[in-house]
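Following: one structure in C-alpha cells, then a few remarks.
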Amino acid sequence: MSTPAVPTEDHVRTILGSVMDPELGSDIVSLGMVRSVRVDPSGEVRVRVALTTAGCPLRAEIQRDVKARVGSLPGVTSVGIDWSELTREEKAETMRRARQAIAERPEQTTVPARTRVLLVASGKGGVGKSSVSVNLAVALARRGHRVGILDADIWGFSVPRMLGVSERLGTDGEGRIQPQRLEVGNGSIEMVSMGLLVEEESSALMWRGLILNRAVRHFLEDVAWGDLDYLVVDMPPGTGDVQMGLAKMLPRAEMLVVTTPALGAQKVAARVVDMGRKNFLHVVGVVENMSVYVDPEGRPHEIFGAGGGERLAAESGSTLLGTIPIEPDVARGGDDGRPVALGAGRAADAFDELAGRLVEVSPPTDLSACSATEAMGGSASAAQVAATPVRIS
Numbered sequence: 140m141s142t143p144a145v146p147t148e149d150h151v152r153t154i155l156g157s158v159m160d161p162e163l164g165s166d167i168v169s170l171g172m173v174r175s176v177r178v179d180p181s182g183e184v185r186v187r188v189a190l191t192t193a194g195c196p197l198r199a200e201i202q203r204d205v206k207a208r209v210g211s212l213p214g215v216t217s218v219g220i221d222w223s224e225l226t227r228e229e230k231a232e233t234m235r236r237a238r239q240a241i242a243e244r245p246e247q248t249t250v251p252a253r254t255r256v257l258l259v260a261s262g263k264g265g266v267g268k269s270s271v272s273v274n275l276a277v278a279l280a281r282r283g284h285r286v287g288i289l290d291a292d293i294w295g296f297s298v299p300r301m302l303g304v305s306e307r308l309g310t311d312g313e314g315r316i317q318p319q320r321l322e323v324g325n326g327s328i329e330m331v332s333m334g335l336l337v338e339e340e341s342s343a344l345m346w347r348g349l350i351l352n353r354a355v356r357h358f359l360e361d362v363a364w365g366d367l368d369y370l371v372v373d374m375p376p377g378t379g380d381v382q383m384g385l386a387k388m389l390p391r392a393e394m395l396v397v398t399t400p401a402l403g404a405q406k407v408a409a410r411v412v413d414m415g416r417k418n419f420l421h422v423v424g425v426v427e428n429m430s431v432y433v434d435p436e437g438r439p440h441e442i443f444g445a446g447g448g449e450r451l452a453a454e455s456g457s458t459l460l461g462t463i464p465i466e467p468d469v470a471r472g473g474d475d476g477r478p479v480a481l482g483a484g485r486a487a488d489a490f491d492e493l494a495g496r497l498v499e500v501s502p503p504t505d506l507s508a509c510s511a512t513e514a515m516g517g518s519a520s521a522a523q524v525a526a527t528p529v530r531i532s
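When the sequence shown is numbered by our numbering, its final residue is 532 and no position is left out of the sequence of numbers.
Here's what the structure looks like:
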C-alpha cells in the first residue's frame with residue numbers, strides 16, 4: 140500500500156477553518172488566531188495559535204480539536220502546537236471580526252456556541268442509529284448533563300415514540316419553536332422532531348432534498364434551544380443532501396458513526412466516515428450496535444458476526460467508543476417510550492459506559508472563566524425553555 144502524500148499548508152489551513160473558538164462562535168482562521176502552519180515532508184505538522192489570553196481555559200479544547208482534525212488528514216504523522224498571545228490591538232481586531240461574523244453569518248443557528256454537537260450517523264438503515272441516539276442522550280442526561288436531541292431523520296422520524304413523547308411542538312412569544320423538555324436523573328433532554336409536527340405518526344413525507352434541508356434548517360435556526368452541554372443529532376442514514384447540509388450549518392460538529400458487527404454494514408459505514416472528513420468534520424468515534432447476544436446461561440452468541448466496529452475504527456483511524464449488546468429490552472424500551480438506558484442490565488451499562496467515554500474525549504465546554512465574552516459587549520443568554528418539563532425515570 141502506497142504512503143499517502145502529505146497535505147499542503149493550504150489544506151491544513153482549510154481544515155483549521157473548522158476549528159471553532161467556542162466562546163466567540165467563529166473559526167480560529169477567520170478570527171486571525173492562526174499565526175503560521177508548517178508541514179514537514181515527513182508528515183509532521185506544526186501550527187502556531189495566538190489566544191486572546193495566554194491562560195485561556197479553552198486552550199485545552201482548541202488544542203484537542205486542532206490535533207484531532209489535522210491529525211485525521213492522510214499523510215499526517217504528528218501534530219504540534221505552539222502558543223502565543225494576541226496583542227491588545229490584535230485582540231480588538233479579533234473581537235471586531237467575531238462581532239461582524241455574528242452580524243453577517245447567513246446560517247446563524249440558535250445552538251449555543253458552547254454546545255458540543257454530535258452527529259450520530261450510519262451508512263444504512265436498520266443498524267439502530269436512532270436507538271443509539273436516544274439512549275446516548277438519556278445516558279448523558281442521567282450523568283447530569285443538559286442534552287438536546289434533534290431528530291433530523293425527517294422521513295423516518297422515530298425519536299418521539301422512543302422517548303414516549305406525543306405532545307405537539309408549540310411556539311413562544313417570539314414565534315420560536317419550543318422543544319419538548321424531559322427531566323432525566325439530574326439532567327434534562329430537549330427534543331424536536333418532525334414527528335411532533337405531523338398530524339399522524341403514519342403520515343408519509345414525500346419531500347425532495349431542498350425541502351428536507353429547509354426543515355432541518357428550521358430546527359437549527361428557529362428553535363429556542365436552552366443552554367445545552369450536548370446536542371445529539373439523529374441523522375438520516377446515508378450520505379445525501381441532509382447530511383451535507385448539516386455539515387455546512389454545523390461546522391464545529393463531531394460525528395459518531397454507528398455500525399453493526401457485520402462486514403457489509405461496516406463497509407457502508409466507511410462511506411459516512413469519508414463523507415464527514417470530506418466536509419472537514421471530526422469523527423469522534425465508532426459505536427458497534429447489536430454486538431453480541433448473551434443467553435440466560437451466560438453464553439455469548441455473535442448473531443450478526445464480529446469485529447465490524449473494531450475494523451471500522453482501525454481503518455478510519457478513529458476510536459471504538461462502545462459496543463452495545465443485543466437485548467430484547469432495547470427494542471421493548473423503544474416501543475414503550477422507556478429507553479433501556481433508564482434501567483439496568485448489560486445494554487444500560489453499555490450506554491452508560493459509552494456516555495462516559497464520550498465525555499472523556501469530548502467534554503462539555505466551560506465558559507465560566509472566560510473573558511472574551513465581556514469584551515464582545517456581553518452575550519445574550521440562550522432562550523430558556525418555558526414549557527413545564529416532564530420527568531422520565
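All C-beta atoms in this analysis are idealised placements derived from N, C-alpha and C, irrespective of residue type, glycine included. Since we're looking at a predicted model, the values are computed, not measured.
**Message:** Can you look up I201 in the DSSP assignment and give me helix, strand or coil?
**Reply:** helix
### Task
Quick one: grab the DSSP three-state call for E329.
Secondary structure at E329: strand, using DSSP grouped into helix, strand and coil.
Nearest candidate by alpha-carbon position, reference F296, set P376, A486, I316 | P376
Below 8 Å between beta carbons: does that hold for V158 and R198? no
message: I believe P464 touches A486 by the beta-carbon criterion, under 8 Å. Please report the beta-carbon distance rounded to the nearest angstrom.
response: 6 Å
Just list the residues that DSSP pairs L395 with in beta bridges.
Paired residue(s): V259, G424.
Which term fits D368, buried or exposed, when burial requires 16 or more other beta carbons within 10 angstroms of its beta carbon?
That one is buried.
May I ask you to report which of helix, strand or coil DSSP gives A189? strand
>> On the criterion of 16 or more Cβ atoms from any shown chain inside 10 Å, does E329 qualify as buried, or is it exposed?
In response: Residue burial annotation: E329 is buried, with at least 16 other C-beta atoms found within 10 angstroms of its C-beta.
TODO: List the whole-angstrom C-beta distance separating V155 from V184, where the pair is believed to meet the contact cut-off of C-beta under 8 Å.
DONE: The amino acid at residue 155 is misidentified as Val; the sequence shows Leu. Incorrect: roughly 10 Å between the Cβ atoms, too far for contact.
task: Tell me, to the nearest whole angstrom, how far the beta carbon of S457 is from that of R255; I am working on the premise that it is less than 8 Å.
output: That pair is no contact at about 17 Å.
Subject >> beta strand (DSSP E) segment containing L402, residue limits >> reply: No beta strand (DSSP E) holds L402; the alpha helix (DSSP H) holding it covers 402 to 417.
*For the alpha helix (DSSP H) that I293 lies in, which residues bound it at each end?*
Here I293 belongs to no alpha helix (DSSP H), and DSSP marks it neither H nor E.
Checklist entry - Would you report the Cα separation of A80 and G326, rounded to the nearest angstrom? => result Outside the displayed span of the chain (140 to 532) sits residue 80, for which this structure offers no information.
Comparing alpha-carbon positions, which option in I316, R238, E229 lies nearest E162?
R238
- Grab the span of the alpha helix (DSSP H) containing L385 for me, first residue to last. Note, L385: alpha helix (DSSP H), 380 to 388.
| task | Compare the C-alpha of G444 against each of R320, V431, R177 and name the closest. | result | The option with the nearest alpha carbon to G444 is V431.
Three-state secondary structure assigned by DSSP to P245: Residue confidence for P245 is low, a pLDDT of 48 falling below 50, so the modelled location carries little weight and cannot support an answer.
Extent of the continuous alpha helix (DSSP H) run through E454:
Taken as a continuous stretch (DSSP letters only), the alpha helix (DSSP H) holding E454 covers 447 to 455.
How long is the line joining the alpha carbons of V479 and N418, rounded to whole angstroms?
-> 33 Å
Alpha helix (DSSP H) segment containing L370, residue limits
Counting along the chain, no alpha helix (DSSP H) covers L370; the unbroken beta strand (DSSP E) around it starts and ends at 369 to 373.
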